[in-house]
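Numbering (UniProt numbering), first residue to last: 1 to 334.
1. Please report the straight-line C-alpha distance between residue 201 and residue 121, rounded to a whole angstrom.
2. Taking one C-beta from the stretch 289 to 303 and one from the stretch 134 to 146 each time, how about it: are there three or more such pairs within less than 8 Å?
3. If we count the other Cβ atoms within 10 Å of its Cβ and call it buried at 16 or more, is residue 170 buried or exposed?
4. Are there 16 or more other CB atoms within 10 angstroms of the CB of residue 259, so buried, or fewer, so exposed?
5. If you draw a straight line from the alpha carbon of residue 224 to that of residue 128, how long is it in whole angstroms?
6. Answer with buried or exposed for residue 187, where buried requires no fewer than 16 other C-beta atoms within 10 angstroms of its C-beta.
7. To the nearest whole angstrom, what separates the beta carbons of residue 166 and residue 208, a pair I think is in contact under 8 Å?
8. Are the beta-carbon atoms belonging to residue 214 and residue 148 less than 8 Å from one another?
9. By the DSSP assignment, the alpha helix (DSSP H) with residue 332 in it spans what residues?
10. Considering Cα atoms alone, identify which of 246, 239 and 233 is closest to residue 222.
11. With three or more C-beta pairs closer than 8 Å as the rule, is the stretch 103 to 118 touching the stretch 151 to 165?
12. Just to confirm, are residue 210 and residue 283 a CB contact at a threshold of 8 Å?
13. Give the C-beta separation of residue 181 and residue 136 to the nearest angstrom, bearing in mind that I take them to be a contact with Cβ-Cβ under 8 Å.
14. Helix, strand or coil: how does DSSP classify residue 250 here?
15. Just reading off the alpha helix (DSSP H) that residue 214 is part of, what are its end residues?
16. Within 10 Å of its beta-carbon, does residue 178 have 16 or more other beta-carbons around it, so buried, or fewer, so exposed?
17. Is residue 280 helix, strand or coil by DSSP?
18. Distance, Cα to Cα, residue 256 vs residue 328?
19. If you measure from the CB of residue 115, is any heavy atom of the ligand COA nearer than 7 Å?
20. List the residues that DSSP assigns as beta-bridge partners of residue 335.
21. Compute the Euclidean distance between the alpha carbons of residue 38 and residue 198, then round it to the nearest angstrom.
22. Going by the DSSP bridge assignment, what does residue 266 pair with across the sheet?
23. According to the Cβ coordinates, are residue 265 and residue 173 closer than 8 Å?
24. Applying the criterion that 16 or more other CB atoms from any shown protein chain within 10 Å of the CB defines a buried residue, is residue 104 buried or exposed?
25. Rounded C-beta distance between residue 134 and residue 175? I'm assuming under 8 Å.
26. Which word fits residue 334, buried or exposed, when buried means at least 16 other C-beta atoms lie within 10 angstroms of its C-beta?
27. Under the rule that 16 or more other beta-carbon atoms within 10 Å means buried, what is residue 131, buried or exposed?
28. Kindly indicate the opening and closing residues of the alpha helix (DSSP H) around residue 229.
29. Using DSSP bridges, identify the partner residues of residue 122.
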């Protein structure tokens with residue numbers, strides 16, 4: 001059964017059915033409904049990921065508002081375009097696109113039946129003032145260092161690992177690119193000629209190219225064919241870290257690829273975030289005692305990756321140049 005077909009079944013009489021009940025019975029039903037309502041309002045439910053994410057977004061907004069108020073003049077109400085953008089993208093945008101008819105919310109809570117994700121810390125970490133969490137369709141705003149969340153989505157069936165990771169990485173002055181957008185119409189044709197589908201794929205390809213670290217998480221309850229495609233595309237890039245449970249149906253293939261291309265591979269989500277931070281440091285990220293980036297936090301556009309034959313040809317050309325210089329040096333000593 002697809003998520004789109006799931007619906008919550010009420011435990012009380014619906015209005016359509018209550019219309020056929022006698023007046024006295026209606027009164028009793030209403031009284032019972034009020035009792036149930038009061039019980040639900042007072043019952044100590046555990047936090048869902050949506051509730052946790054709402055608290056995290058509020059903390060991110062408050063943090064940004066505090067930083068903006070400290071840096072602005074009391075009599076000034078204007079703000080630069082760049083600062084506006086940073087403020088609205090520090091946490092997922094509150095302004096959501098209106099879902100089309102038949103759209104599925106692939107960003108909803110998913111029960112973590114196999115405890116693939118560890119509990120979030122309490123209290124939640126305070127987001128860094130320069131942390132950005134970017135989601136399509138809006139173009140990403142890049143910091144000097146960025147992480148792309150390449151992993152299982154499966155039309156919203158995968159656990160909410162992307163938000164989980166964003167919360168844990170939020171103390172860093174980086175950008176997290178999360179391709180798991182809010183609503184998606186399952187009737188969209190997965191073909192290049194479809195404008196919406198093409199735009200989503202282009203967003204992901206562009207963010208993959210610009211990311212300093214690409215992290216993969218394979219939800220073992222999914223098939224994740226696109227995730228495996230992306231792993232094959234970027235395995236040799238020296239910017240990939242992978243988390244793949246041994247219960248994933250193609251874990252053997254994933255492990256062999258990681259071993260061949262020296263890709264860090266962990267088996268649990270709890271070990272993934274430390275590997276991401278380690279890779280960021282490998283790419284040059286340095287933080288001072290306050291957790292701020294050492295140096296200017298400005299992104300430099302990365303060129304599209306070159307094909308392996310082109311890289312090999314360039315390597316051979318450089319080797320020839322080195323040999324020619326060595327020959328000249330030896331001749332000058334004679």
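Every residue, glycine too, gets a C-beta built ideally from N, C-alpha and C.
In short:
1. 33 Å
2. yes
3. Counting of Cβ neighbours within 10 angstroms places residue 170 among the buried residues, the total reaching 16 or more.
4. Exposed.
5. 32 Å
6. exposed
7. Their Cβ separation, rounded to whole angstroms, is 17 Å, which puts residue 166 and residue 208 out of contact at 8 Å.
8. In this structure, residue 214 sits near residue 148, with a CB-CB distance shorter than 8 Å.
9. 308 to 333
10. 246
11. yes
12. no
13. 5 Å
14. coil
15. From DSSP, residue 214 is part of no alpha helix (DSSP H) but of the beta strand (DSSP E) over 213 to 218.
16. buried
17. helix
18. 45 Å
19. The model depicted lacks the ligand COA and carries no ligand whatsoever.
20. A question about residue 335 goes unanswered here, because the residues of the chain that appear run from 1 up to 334.
21. Note that residue 38 scores 44 on pLDDT, short of 50, meaning its location in the model is unreliable and no value can be drawn from it.
22. 243
23. no
24. buried
25. 6 Å
26. exposed
27. Residue 131 should be labelled buried.
28. 225 to 234
29. Its beta-bridge partners do not exist; DSSP assigns none.
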